[in-house]
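Just so you know, the protein sequences line up as chains P and U, in that order. Note that this note's numbering gives residue 100 to position 100 of the first sequence, counting from 1, and the numbers run on in steps of one. Every position in the second sequence, counted from 1, becomes a number in this note's numbering once 1000 is added.
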Amino acid sequence: MRKLILILLLIPWFVTPAYADFPYEQAAEEFGTGAMEQGLTEGERSVTGSLQLDGRYDVDGALHRLVKALIENVKSEIRRNIRFSAELIVLVFLCALVVIGTEGHKAGQFAEICCVCTAAGILVGSFDSIVSQTTEAMYRLSDYSKAALPVVFTAAAASGAVSSAGVRFAAASFAMDVLMSLSQSLIIPCIFAYLAIVLANSLFPNQLLAAVGKFIKWTATTLMTGMTLAFTAYIQITGLVSSSVDAAAVKTTRTVLSGVLPVVGGILSDASAAVLSAAGVVRSCAGAFGLIVVCVICVGPFAMLSVKTLLFKMVSRIADSVQIDRLSGLLSGVGNAIAMLLGLLGSCGIMLFIALTAGMKAVSG
Amino acid sequence: MEVLFRCAAIGIFSALISLLIKRYNPELSFTVTALAAVTILLGCRVFFDTAGDLIKSAKSILNSGTTLVQPVLKCLVIALVTKFSASLCKDASQGALASAVETAGTFCAAAVAAPFVVSLLHTINGMI
């Protein structure tokens, strides 16, 4: 009796607390989420914030900082290009004065050709740097896709979407590689060819040159649009088919677990749900972080390309209003070429966006 | 405005005198016309300072100011001299001479613009 009382008195001293916890840290380590923050500059990290994997990632704050960064970039691009636009406008008015002064004489046309050649010299020099900045942004997106997509799709697979994650990851990786190859081998050369045709057409206006330029522009635009649409359609279709397979597989597995094992089956089934849930949270947080990073990488080049496109279109309208057709055609053509670069970068960003979103939305039941 | 009224007055008065003496002495009539035209052009020299300031402002804004402005001004001067000379030849009923002057003016302007065109063609070649 005394022994029993002693045991009952000592038992509370050996009780240790135990509580359930979601294995976020272990999941993050398994999925390699650290790779998503590597390669970002200090400025980019200040916009994205740090990746929180327990569902506390501040998406609203990151979006707010992103919008502020976009506005700051646009303002700085406008300030940087004020002198450039002033040069172009002075060129247009100088050309207009000379053309009016010569009153249709052929010498006036040669003065216009001199102005076109000077404008072309100014524009071509800056166009090379614009193309290199755009290409650099695309390479960064491609490199980031190689870091981010495996994390998001691994988490998606761990949260139960095994088939759809694998298929979508393969499609996304393949599409990014194809887009990068196409852009280097075909789309950017098309844009340069279009610019060359625009320059030649502004020197010697010709319907054939104008038609060839329109065709090249159509080809580049159709390639970019077609790739993006094909990728989106493929992701949607594969998602429809494989998501239902994954949902059925998860339900079946949990039912089997709880049914086959007599005592601990239910516990195992609930524990597996906790693991799947943790993987799902990591997937969502990592996916949201990846989307923000894609926007942050694109915000600088987007601001630069948008401001320059609008600038060239504006100066082209001014040249049109004083009836300097050669200069107007040249400036409008350069604006179109920059718009095509913007479209190319946008295609790359949108495809990565869709891939990350597909990973986040992989249905696991 | 005063300069314009003076130029208009000289032009109209000289045209009238030229018409009156043309029947008796066409050579003198042509000389009166040419001298009146030169006088009117010299009368506009007060505007050259304003044009000069405009060109200096344009040069200061454009990075390639001197490289561009000189050929454009040359083309402008070529056009004005060609137009003026061809008109005088036409007034003297010398259409062939007028055409020859206009053609010479076109070739001069082409020669001024040629280096720019060659440079741009090299740029286009580099792109392709």
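We put the beta carbon where it would ideally sit given N, CA and C, even for glycine. No experiment lies behind these values; they were computed from the predicted model shown.
Beta-carbon proximity of residue i to residue j, cut-off 8 Å
i, j, result
"Leu345(P)", "Thr134(P)", "yes"
"Glu44(P)", "Val294(P)", "no"
"Val1112(U)", "Lys1083(U)", "no"
"Glu87(P)", "Leu1004(U)", "no"
"Ala1079(U)", "Gly1095(U)", "no"
"Ala172(P)", "Thr238(P)", "no"
"Ser1018(U)", "Thr1033(U)", "yes"
"Ala111(P)", "Leu1041(U)", "no"
"Phe169(P)", "Leu149(P)", "yes"
Closer than 8 Å to chain U by CB, residue i
i, result
"Gly333(P)", "no"
"Val67(P)", "no"
"Lys361(P)", "no"
"Phe192(P)", "yes"
"Gly365(P)", "For Gly365(P), the predicted model reports a pLDDT of 43, less than 50, meaning its position is unreliable and no value from the coordinates is stated."
"Ile113(P)", "yes"
"Ala107(P)", "yes"
"Gly101(P)", "yes"
"Pro94(P)", "In the sequence as displayed, the identity of residue 94(P) is Leu instead of Pro. Closer than 8 Å to some Cβ of chain U, the Cβ of Leu94(P) qualifies, so yes."
"Phe169(P)", "no"
"Ala339(P)", "no"
"Ala62(P)", "no"
"Ala120(P)", "yes"
Chain-ordered neighbours of residue i on chain P, where CB pairs are closer than 7 Å
i, result
"Ile1061(U)", "Ala86, Glu87, Val90"
"Gly1095(U)", "Per Cβ cutoff of 7 Å: no residues; Gly1095(U) is ~17 Å from chain P at best."
Reference residue i, options the options, closest by Cα
i, options, result
"Ala288(P)", "Glu37(P), Ser126(P), Gly333(P)", "Glu37(P)"
"Ser163(P)", "Leu240(P), Ile7(P), Ile350(P), Ala303(P)", "Leu240(P)"
"Leu66(P)", "Phe174(P), Gly300(P), Ile354(P), Thr154(P)", "Gly300(P)"
"Ser306(P)", "Arg140(P), Leu342(P), Ile318(P), Gly39(P)", "Leu342(P)"
"Leu1068(U)", "Ala1092(U), Val1117(U), Val1081(U)", "Val1117(U)"
"Leu223(P)", "Met180(P), Phe204(P), Trp13(P)", "Met180(P)"
"Gly1011(U)", "His1122(U), Leu1035(U), Ile1124(U)", "Leu1035(U)"
Neighbour flag for residue i against chain P, beta carbons, 8 Å
i, result
"Ala1113(U)", "yes"
"Cys1044(U)", "no"
"Leu1019(U)", "no"
"Gly1011(U)", "no"
"Lys1090(U)", "no"
"Pro1026(U)", "no"
"Val1101(U)", "no"
"Ile1124(U)", "yes"
"Leu1004(U)", "no"
"Cys1075(U)", "yes"
"Lys1083(U)", "yes"
Partners in chain P for residue i, counting only beta-carbon separations shorter than 8 Å
i, result
"Ile1128(U)", "Phe192, Ala193, Ala196"
Under 8 Å by beta carbon: chain U residues contacting residue i
i, result
"Cys117(P)", "Ala1113, Phe1116, Val1117, Ser1119, Leu1120"
Chain U residues whose Cβ lies nearer than 7 Å to that of residue i
i, result
"Val131(P)", "In chain order: nothing, as chain U lies at least about 11 Å away."
"Val124(P)", "Thr1123"
"Phe110(P)", "Cys1075, Ala1109, Ala1110, Val1112, Ala1113"
"Leu203(P)", "Val1117, Leu1120"
Under 9 Å from the C-beta of residue i: neighbouring residues of chain P
i, result
"Gly1105(U)", "His105, Lys106, Ala107"
Below 8 Å, can you find three or more Cβ-Cβ pairs linking the region 112-123 of chain P to the region 322-334 of chain P? The answer is yes - the region 322-334 of chain P touches the region 112-123 of chain P, with three or more Cβ pairs under 8 Å.
Do the region 303-317 of chain P and the region 329-337 of chain P make contact, defined as three or more Cβ pairs closer than 8 Å? Yes, since at least three Cβ pairs between the region 303-317 of chain P and the region 329-337 of chain P fall closer than 8 Å, the two stretches touch.
Is there contact between the region 1038-1055 of chain U and the region 71-81 of chain P, where contact requires at least three CB pairs shorter than 8 Å? No contact exists between the region 1038-1055 of chain U and the region 71-81 of chain P.
Are the region 153-160 of chain P and the region 1086-1101 of chain U touching by the rule of at least three beta carbon pairs closer than 8 Å? no
Touch check for the region 131-150 of chain P and the region 175-195 of chain P: three-plus C-beta pairs under 8 Å? yes
Count the CB pairs spanning the region 126-133 of chain P and the region 205-225 of chain P that are closer than 8 Å, and state whether there are at least three. no
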